[in-house]
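*Asks:* In my numbering, each residue's number is its place in the sequence shown (first place is 1) plus 20.
Think of the CB as a built atom: it goes at the ideal place given N, C-alpha and C, for glycine as much as any other residue.
The structure is given below, and queries will be raised subsequently.
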Amino acid sequence: MIAASHSLPAAWLEPLALTGDKALPNHIVPGPMEGVTEGSFCDVFSRHELVRCWITPFIRVSTGVPRRVRLRRRIQPFLDTGLPIIVQLMGLDTERLSETARRLAEMGVAGVDLNCACPAPLVLRNGAGGVRLQHPEWIRRALCELREACPNCGVSVKLRTGFESPSEFSRIADAVRGTGVDFVILHFRTVRELYRPVSDGCQRLTHARDLLPETTLLGSGDLFSVEAALRMYRDARLDGVAPARGMLKEPSLLRKIEDACCGRKDAPAVSRIAMLRDIAAGSGRSDAAYNGFVIKLAGWFFGRDSDLFRQVVACGSLARTVAFLRELTDG
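Given below as structure tokens:
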């Protein structure tokens, strides 16, 4: 546990030890974002040293164990960054999940993370993601089998505080306790709450801290600023944080949180225009779908009411978007 403080703790900057000889560089990790954290996005954030590790978007394990070539293809963009990676898995069959995890461990990943939190309707209809919170005994069995399959790499789990109600978390915590997980990422909302505002998020994390006093617990949810991380720490005395969507509004967020942990003044801001340019240009793609992704990034980075967002939309194609952004940054 981290000692009490009125600022972000320096202990968050210490390595997050995983089973075996592996570790994440610190306790401030980027949460996975489906459809965002991939390809050139990962490359650019890594080159600008805005992250120290990666947790991948989930790999769905359904009808069979994914072939090694498919797994390698999915994780290669993350491996190419040279940073430690945790691969997130989602599924229902614990044997298939464990065998997939075993194959990933052989590929040198730092760990695997079990997704029991996703609130997407399609995922829920298939009984995966957040639905697993309704089956604590399944969570316990899955984590124990993952731990057995991966004796020399990390095992973690992504949770929400419940499916319908945060009152469910006591049973969920009982299931997690004693499974040998290296850490838990806990989003304070329930599955049914999706991403709607809740007034007692930090209180829920405090309750979770009380239920899991010996577990490395990373907070998640509405982490859009250093101040939000500080509130989360002050209220719940968590061992770290896992911002996700906050990185889209403030790409330097993780680095700013690191700076706050050691009393260092904020490093010079990274140019968001240059980052958007590099993400667009580095994709190696020219399709309209990827240009749509770049437009979404522009909306997240600068706001949909900004002139720059409207100018990017007006470009109409990825090639013209890249040319426009290069003109802005290169003169």
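1) Under three-state DSSP, which class holds residue 84?
2) Mind checking whether the beta-carbon of residue 232 lies closer than 7 Å to any heavy atom of the ligand SAM?
3) If you draw a straight line from the alpha carbon of residue 313 to that of residue 55, how long is it in whole angstroms?
4) By how many angstroms is the C-alpha of residue 252 removed from the C-alpha of residue 24?
5) Of the choices 323, 209 and 84, whose alpha-carbon is the least far from that of residue 219?
6) Any chance the segment 210-230 sits against the segment 241-257, with 3 or more Cβ pairs inside 8 Å?
7) Check the DSSP bridge columns for residue 108 and list the partner residues they point to.
8) What is the C-beta distance between residue 59 and residue 303, in whole angstroms, given that I count them as a contact (C-beta under 8 Å)?
9) Sorted by chain position, which residues of the same chain lie with C-beta nearer than 6 Å to residue 329's C-beta, five sequence neighbours on each side aside?
10) Could you name the residues that DSSP lists as bridge partners for residue 176?
11) What first and last residue would you give for the alpha helix (DSSP H) that runs through residue 163?
12) Roughly how many whole angstroms lie between the Cα atoms of residue 190 and residue 342?
13) CB residue 200 to CB residue 177, shorter than 8 Å?
14) Below 8 Å on the Cβ atoms is my contact criterion, and I expect residue 262 with residue 205 to pass it. Report the Cβ-Cβ distance as a whole number of Å.
15) Quick check on residue 22: does DSSP put it in helix, strand or coil?
16) Quick check on the burial criterion: 16 or more other C-beta atoms within 10 angstroms. Buried or exposed for residue 247?
17) Between residue 86 and residue 108, what straight-line distance do the alpha-carbon atoms span, to the nearest angstrom?
18) Determine whether the beta carbon atoms of residue 310 and residue 345 lie at a separation below 8 Å.
19) Below 8 Å on the Cβ atoms is my contact criterion, and I expect residue 269 with residue 244 to pass it. Report the Cβ-Cβ distance as a whole number of Å.
20) Assign residue 213 to one of two classes, buried (16 or more other C-beta atoms within 10 Å of its C-beta) or exposed (fewer than that).
21) Using the beta-carbon count (16 or more within 10 Å), is residue 264 buried or exposed?
22) Are there 16 or more other CB atoms within 10 angstroms of the CB of residue 336, so buried, or fewer, so exposed?
23) Can we say the segment 103-123 touches the segment 64-80, given the rule of at least three CB pairs closer than 8 Å?
24) Taking one C-beta from the segment 110-118 and one from the segment 159-168 each time, how about it: are there three or more such pairs within less than 8 Å?
25) Which residues in the same chain as residue 34 place their Cβ atom closer than 8 Å to its Cβ, once the five residues preceding and following it in sequence are excluded?
26) With a CB to CB cut of under 6 Å and the five nearest residues on each side skipped, what residues in its chain are close to residue 369?
27) Among the residues of its own chain, which have a CB less than 6 Å from the CB of residue 349, if the five just before and after it don't count?
28) Do residue 170 and residue 132 have their C-beta atoms within less than 8 Å of each other?
29) For the alpha helix (DSSP H) that contains residue 59, what are its first and last residues?
30) Thinking just about the alpha-carbon of each residue, which of 152, 96 and 92 is nearest to the one in residue 111?
31) Under the assumption that residue 240 contacts residue 102 (Cβ atoms under 8 Å), give the Cβ distance between them as a whole number of angstroms.
32) With DSSP collapsed to three states, give me the class of residue 148.
33) How many Å lie between residue 301 and residue 97 at the Cα?
34) Which first and last residues belong to the beta strand (DSSP E) in which residue 239 is found?
*Replies:* On the basis of the data shown:
1) Residue 84: coil per DSSP, three-state reduction.
2) With respect to the ligand SAM, the structure offers nothing, as it holds no ligand at all.
3) Taking the straight line joining both Cα atoms gives about 9 Å.
4) Interpretation of residue 24 is limited by its pLDDT of 41, a score under 50 that renders its predicted location unreliable; the figure taken from the coordinates is listed afterwards. Answer to the nearest angstrom: the Cα atoms are 13 Å apart.
5) Check the Cα spacing between residue 219 and each of 323, 209 and 84: the tightest is with 209.
6) The segment 210-230 makes contact with the segment 241-257, as at least three CB pairs between them are under 8 Å.
7) Answer is 133.
8) The Cβ separation is near 6 Å, so the contact holds.
9) Taken in chain order, the residues that qualify are 318, 319 and 322.
10) Its beta-bridge partners are 133 and 203.
11) Per DSSP, residue 163 belongs to the alpha helix (DSSP H) from 156-169.
12) Taking C-alpha positions only, residue 190 is separated from residue 342 by approximately 50 Å.
13) Their beta carbons are not under 8 Å apart, which means residue 200 does not touch residue 177 by this criterion.
14) A Cβ-Cβ separation of about 5 Å places residue 262 in contact with residue 205 under the 8 Å criterion.
15) Only weak support is given to the placement of residue 22: the predicted model assigns it a pLDDT of 42, under 50, and the value that follows is read from those uncertain coordinates. In the structure shown, residue 22 sits in coil (DSSP, three-state: anything other than H, G, I, E or B).
16) With fewer than 16 other CB atoms across the displayed protein chains lying within 10 angstroms of its CB, residue 247 is exposed.
17) Cα to Cα, residue 86 sits roughly 14 Å from residue 108.
18) No, the Cβ-Cβ distance between residue 310 and residue 345 is not below 8 Å.
19) About 6 Å separates the two Cβ atoms, so the contact holds.
20) Answer is buried; the Cβ neighbour count reaches 16.
21) Around the beta carbon of residue 264, a 10 Å sphere encloses 16 or more other beta carbons of the protein chains shown; the residue is thus reported as buried.
22) Per the 10 Å Cβ criterion, exposed.
23) Cβ pair count under 8 Å is three or more, so yes.
24) They touch, by the three-pair rule.
25) Contacts found: 46 and 47.
26) Only positions 21 to 351 of the chain appear in this structure, which leaves residue 369 out of reach.
27) If the five residues before and after residue 349 are omitted, its C-beta is found closer than 6 Å to the C-beta atoms of 293, 294 and 297, all from its own chain and listed in chain order.
28) Against a cut-off of 8 Å, the Cβ pair of residue 132 and residue 170 comes out as a contact.
29) Segment 59-67, the alpha helix (DSSP H) holding residue 59.
30) Distance from the Cα of residue 111 is smallest, within the candidate group 152, 96 and 92, for 152.
31) Rounded, the Cβ-Cβ distance is 25 Å, inconsistent with contact.
32) Correct three-state label for residue 148: coil.
33) A direct Cα-to-Cα measurement between residue 301 and residue 97 gives close to 16 Å.
34) It spans 237-240 - the beta strand (DSSP E) in which residue 239 sits, taken as one unbroken run.
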